[in-house]
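Comments concern the structure below.
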Amino acid sequence: MKLNVGGIDRILRITLGIVLIALAVTDTVGWWGWLGIVPLATGLIGWCPPYAMLGLSTCKTRGA
């Protein structure tokens with residue numbers, strides 16, 4: 011599993027995930043706030059399945 015989620019992308023995913031989960035916990039939004047688990051997990055792991063399927067990556071390449 012090669013990392014395909016880079017710096018700023020990871021920070022945004024983690025932030026969005028935490029905000030959505032917090033909104034769900036405080037019952038500010040409906041059940042869909044729990045979907046914040048997905049961006050949080052992909053941000054923490056650094057790998058996104060759709061990126062892999064589409065051949066995308068926001069990681070910087072080495073050696074260039």
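Those letters in the sequence shown? Residues 11 to 74, by this note's numbering. Backbone N, C-alpha and C define an ideal beta-carbon position, used for all residues, glycine too.
Original post:
DSSP state of methionine 11, grouped into three classes?
Top reply: Numbered from 1 along the sequence shown, position 1 holds the residue referred to as residue 11. Coil.
Original post:
What residue does the alpha helix (DSSP H) around glycine 10 start on, and which one ends it?
Top reply: A question about residue 10 goes unanswered here, because the residues of the chain that appear run from 11 up to 74.
Original post:
By the 10 Å Cβ neighbour count, where 16 or more other Cβ atoms means buried, how is proline 49 classified, buried or exposed?
Top reply: To locate residue 49, count along the sequence shown from 1; it is residue 39. With 16 or more Cβ atoms within 10 Å of its Cβ, proline 49 is classed as buried.
Original post:
Is valine 39 helix, strand or coil when you go by DSSP?
Top reply: As a working mapping, residue 39 is identified with position 29 in the sequence shown. When DSSP states are grouped into helix, strand and coil, valine 39 belongs to the coil group.
Original post:
If arginine 20 and glycine 56 are in contact, beta carbons under 8 Å, what's the gap, nearest whole angstrom?
Top reply: Along the sequence shown, one-based indexing puts residue 20 at 10. Along the sequence shown, one-based indexing puts residue 56 at 46. Going by Cβ atoms, the distance from arginine 20 to glycine 56 rounds to 6 Å, so yes, they are a contact pair.
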